[in-house]
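First comes the structure, then the notes that go with it.
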Amino acid sequence: MTQAHTETSSPTNPKLNRRLLAWSFKEIRHGQLWPISVALTLIIACVFALSALAERMEQVIVKQGADALTADLVFRSSEPIPDALKVDALPATIKTASMVRFATMAFSDQDMLLVTVKAVDDGYPLRGHLQLSDGHSHVAQGQLWLEKRAMVALNVTQGDTVSIGDADFVVSGEVEQQPGLSFNPFQQMPTAMIHSSDIEKTGALQIGSRVRYLQYFSGDNTELQALKEGIPLASGDRWRDQHSPSRSNDMFTRTTQYLSLTVAIVVIMAATTLVLTCQHYVAGRRQTVAMLKSIGASKKWIGRWLMIQVLLLFVIGAVCGVGIGYLLEVLLRVPLADLLPDPLPSYGVTPALLSIVTCFLIGVPALGIPMINLVNTSASSVLQPAVQARGKSWWLVAVPIVPMLIAYASNTLVWIVLASMVLLFAVLALIAVLISKSIGKLKLAPAMALAVSRLNRSSIASGLQFGALALSLMLLAIVWLVRTDLLGDWRSTLPENAPNAFAINIASYEIDDYLAQLDQHNIERSHAYPIIRGRLVTVNGEDAKQVSKEHQETDAVRRELNLTWAEQLPEYNEMLTGTWGSENGVSVESEVAQALDLKVGDELGFSISGQTVSAVVNSIRKVEWRQMKPNFYFIFSPKYADKMPGAFMVSYRIEADNDAAVQALSHQYPTVSLLDIRKMGDKIQSLLAQIVWSITVLAGLGVIAGLLLIFTLLRLSISQRQLEIRLYRTLGASRKRISSTLWCEYGLMALIAGVVASIGAEVSVSGLLYWGFDLPARIHPQLWFALPMLTFIILGLVVNSLINQLLQPVRNRSL
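Heads up: the sequence shown is residues 1 to 815, going by the UniProt record's numbering.
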């Protein structure tokens with residue numbers, strides 16, 4: 001009886017266990033298991049680093065989103081806040097603050113100014129930072145705080161007296177920083193902050209006054225949602241949170257989606273690397289298992305041997321993966337040091353647990369299925385390799401799939417990627433094989449002809465190779481291209497040279513001189529637009545509010561709008577349909593047109609300054625509201641100029657060397673309100689820079705994972721050629737001929753896969769941008785050059801690292 005058979009009769013034999021353990025360690029160090037260990041380590045390290053960094057960045061982004069709202073939930077109304085939302089009626093766990101916002105005139109001894117009064121209580125703000133010049137962060141009763149531009153316009157300093165309505169206030173100091181972001185320049189009049197208890201003594205709020213009541217809430221999401229659902233909304237009421245449709249928090253939502261997309265793609269690529277390396281190991285160890293069975297080793301003994309190896313691999317992968325993942329997360333934070341908050345939000349043990357559990361779930365089918373098939377290898381295979389019968393272990397695939405279905409059930413973006421992968425894998429493989437067969441019909445050099453013949457020998461095997469390589473390249477391209485298009489959209493929204501000042505209330509007799517002085521100082525400006533308030537009241541003779549209810553609710557019928565007329569439409573508005581120029585026409589913004597189902601030729605009725613004005617829709621245009629430029633829902637043709645006698649507005653960009661000229665303009669035109677939004681622009685640029693860094697770092701890690709997968713694919717593919725290369729050498733093929741054939745074969749594969757992957761990436765990214773991020777599709781011509789070139793570079797590294805190894809043993813035997 002053989003030793004192996006004798007030892008298997010004692011399963012608890014300590015000597016046997018020690019031998020198995022020692023053999024397993026030796027197999028990992030010197031055998032073919034090290035690629036599996038590397039793949040497991042890669043999965044854990046990538047998932048740990050990505051989830052840790054993503055969790056921190058998401059906490060930062062969510063916090064920034066809450067800071068932009070100054071709360072977790074905001075109730076806005078044109079009527080006083082109902083009693084049910086006041087602090088006495090709320091659970092103790094919900095914090096609340098209030099603001100009453102209205103416009104009125106402020107008077108000093110020398111000047112007067114239209115200001116936005118923000119009357120806040122002791123709890124404001126719940127989120128973000130209100131920074132006052134004395135270091136305090138809350139407004140007290142009897143205090144008046146002014147923005148710097150208001151202090152300059154009123155020519156006052158701390159300690160001077162300013163009147164707001166019937167009340168006289170002593171200026172307490174300057175408002176240095178306010179929480180919240182706003183992209184509406186018409187809401188950016190200079191701010192005066194008072195305590196809410198001082199509203200009554202100002203006498204500024206009368207019947208018919210334009211006023212906005214805001215109530216802020218922070219607390220548990222469940223309680224806030226119950227509060228939100230328990231309050232019936234009147235026509236002028238609205239709830240806002242981070243998930244509400246808003247131009248201001250659009251970048252937060254898209255960044256969170258991108259984090260989920262990147263994590264999912266990296267896990268998919270790392271899991272594919274694991275499956276490939278494990279399949280390669282099983283193929284190389286089938287003869288070893290058959291030999292062990294032929295000398296008496298039992299199936300149970302071999303199963304225990306393989307199980308010890310798998311457990312060792314998981315332990316090594318977990319220890320090394322968590323350690324490398326931690327270091328990687330630290331390194332990834334280096335470029336973000338100045339942008340991340342101090343102290344950093346903790347991520348706890350969640351990334352470590354998530355990475356290990358993810359690796360385990362992926363490893364169960366990736367290692368379990370081939371290992372079970374390996375254990376079932378017949379002893380007769382040692383004499384005659386047999387086709388391995390499929391086992392009954394394919395149900396293990398459900399182990400990672402079921403949790404994934406639960407985790408990403410509502411994430412449309414991830415399912416778009418997965419659906420694209422399943423569909424495009426077959427399409428990419430088919431296209432690549434057809435291209436390869438078409439090339440085979442050409443007259444080629446001997447080395448290239450042999451390479452093409454090798455690729456075309458088995459359409460199925462070649463298709464799988466092409467599909468896997470092209471899909472890997474496609475995933476890599478998706479991560480980077482989505483990142484690039486997102487950044488391009490954000491940067492076009494707020495370019496570095498965006499307007500940072502708005503001048504409003506410019507009288508018609510002043511506008512020409514005002515613009516001339518801006519031009520004289522070479523200040524970049526927009527066209528001047530007259531502004532007048534008005535309401536949309538009818539659509540084709542029907543009540544506009546009723547039309548809105550029948551189709552889609554829109555703000556355009558709920559409130560007064562800023563209307564204008566113009567000789568030409570703004571060049572930064574995209575014309576979608578119709579033609580500008582009819583005498584009695586009006587151009588409509590596309591979202592309003594969609595909500596009200598408006599078409600060119602429809603007749604609209606407006607109430608402007610007490611008169612009814614009718615206009616026919618002559619065009620529909622797309623407006624990018626996030627851009628800090630003059631934009632309007634409705635733009636009338638010049639015929640309506642006499643019916644819309646409004647004051648003018650112009651936007652321009654103030655540089656540091658323009659301060660003196662702009663200040664002189666303010667003194668020369670005291671009735672013109674200058675809205676200097678440089679501080680707000682700097683805040684948005686800082687936030688944008690933070691988000692840009694975060695998704696760039698995540699995209700970089702995704703690219704690294706993709707490169708490792710492509711490297712593994714090519715390396716395993718070339719390694720599988722060893723027996724074939726030995727046969728060629730035996731038949732007399734020279735080392736140079738074999739080397740040339742390999743370079744031709746894999747060079748052609750890289751070219752075909754790169755081109756096919758470019759097609760797949762363009763299709764997938766277009767779908768992702770349109771369905772996942774609500775962005776227009778774009779063509780990326782640089783991709784068609786970059787992907788094949790990237791594959792050639794990786795190919796060169798792989799072939800150089802393996803070609804000597806593949807040819808060296810043959811050359812030694814020939815000697």
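For each residue, glycine too, the CB sits at the ideal point set by N, CA and C.
Under the assumption that residue i contacts residue j (Cβ atoms under 8 Å), give the Cβ distance between them as a whole number of angstroms.
i: Ala647; j: Ile506; result: 6 Å
i: Ser393; j: Ile369; result: 5 Å
i: Arg525; j: Ser607; result: Contact flag wrong, Cβ pair sits at about 31 Å.
i: Ser582; j: Lys622; result: Not a contact, Cβ separation roughly 20 Å.
i: Leu455; j: Leu731; result: Leu455 to Leu731, Cβ: 20 Å. No contact.
i: Val375; j: Gly303; result: 5 Å
i: Ser133; j: Gly173; result: 4 Å
i: Leu604; j: Val586; result: 6 Å
i: Lys643; j: Tyr572; result: About 26 Å separates the two Cβ atoms, so there is no contact after all.
i: Ser77; j: Asp198; result: 21 Å between Cβ atoms; not a contact.
i: Pro788; j: Val755; result: 6 Å
i: Val175; j: Trp145; result: 5 Å
Quick one, are the C-beta atoms of residue i and residue j less than 8 Å apart?
i: Leu428; j: Leu476; result: no
i: Phe48; j: Ala352; result: yes
i: Ser98; j: Ser196; result: yes
i: Ile194; j: Gln158; result: no
i: Thr273; j: Ala39; result: yes
i: Ser453; j: Gly440; result: yes
i: Ala409; j: Cys278; result: no
i: Tyr355; j: Gly325; result: It is Ser, not Tyr, that sits at residue 355 in the sequence shown. Yes, the pair counts as a contact, with Cβ atoms nearer than the cut-off.
i: Val617; j: Val600; result: yes
i: Thr791; j: Leu473; result: yes
i: Leu114; j: Ser673; result: yes
i: Asp166; j: Gly203; result: yes
i: Ile231; j: Ala89; result: no
Which one of the options has the shortest CA to CA distance from residue i?
i: Gln178; options: Tyr213, Lys639, Lys118 and Arg559; result: Lys118
i: Pro530; options: Val650, Asn456 and Lys629; result: Val650
i: Leu563; options: Pro638, Glu553 and Leu515; result: Pro638
i: Gln309; options: Gln668, Ser37, Val756 and Leu146; result: Ser37
i: Gln225; options: Glu567, Gln110 and Phe75; result: Phe75
i: Asn497; options: Asp220, Pro365, Val267 and Arg678; result: Arg678
i: Pro80; options: Leu227, Val162, Tyr213 and Asp160; result: Tyr213
i: Arg533; options: Arg210, Ala264 and Met307; result: Arg210
i: residue 819; options: Gly363, Val433, Ile372 and His780; result: As shown, the chain starts at 1 and ends at 815. That puts residue 819 outside it, with no answer to give.
i: Met307; options: Thr358, Val266, Met269 and Gly363; result: Gly363
i: Phe102; options: His780, Ser766 and Glu200; result: Glu200
i: Tyr746; options: Ala544, Tyr124 and Leu469; result: Leu469
i: Leu576; options: Ile435, Ala593, Lys437 and Ala656; result: Ala593
i: Ala192; options: Leu227, Met151 and Pro781; result: Met151
i: Asp485; options: Phe314, Ala777, Leu405 and Ala89; result: Ala777
Locate the alpha helix (DSSP H) running through residue i, then write down its first and last residues.
i: residue 817; result: With the chain represented from 1 up to 815, any question about residue 817 goes unanswered, as that position is not in the structure.
i: Asp513; result: Ile511 to Gln520
i: Asn540; result: Note, Asn540: premise wrong, no alpha helix (DSSP H); not H, not E.
i: Ser218; result: No alpha helix (DSSP H) contains Ser218, which is instead part of the beta strand (DSSP E) from Val211 to Ser218.
i: residue 816; result: No answer is possible for residue 816: it lies beyond the span of the chain, which begins at 1 and ends at 815.
Tell me the DSSP secondary structure of residue i in three-state form.
i: Phe186; result: Because the pLDDT at Phe186 is just 49, under 50, the model does not fix this residue reliably, and the value given afterwards should be weighed accordingly. Note: Phe186 maps to helix in three-state DSSP.
i: Ser248; result: Note that Ser248 scores a pLDDT of 48, beneath 50, so its modelled location is shaky; the value from the coordinates is reported in the next line. Ser248 falls in the coil class under three-state DSSP.
i: residue 828; result: Past the boundaries of the shown model lies residue 828; the chain is included only from 1 to 815, so the question cannot be answered.
i: Leu797; result: helix
i: Met269; result: helix
i: Thr741; result: helix
i: Asn584; result: coil
i: residue 828; result: Residue 828 cannot be examined here, being either before or after the span of the chain that is shown, 1 to 815.
i: Gly323; result: helix
i: Gln131; result: strand
i: Val600; result: coil
i: Met304; result: This sequence places Arg at residue 304; Met is not what is there. Arg304: helix per DSSP, three-state reduction.
Counting along the chain, where does the beta strand (DSSP E) carrying residue i start and finish?
i: Glu79; result: Element bounds for Glu79: n/a, residue is neither H nor E.
i: Val105; result: Reading off the sequence, residue 105 comes out as Met, not Val. First-last of the beta strand (DSSP E) with Met105: Lys95 to Phe107.
i: His195; result: Thr191 to His195
i: Ser346; result: Unbroken run through Ser346: none, as it is neither H nor E.
i: Leu604; result: Glu603 to Ile608
Should residue i be flagged as near chain B, meaning a C-beta pair shorter than 8 Å?
i: His138; result: Given the protein chain composition of this structure (a single chain), no chain B is represented.
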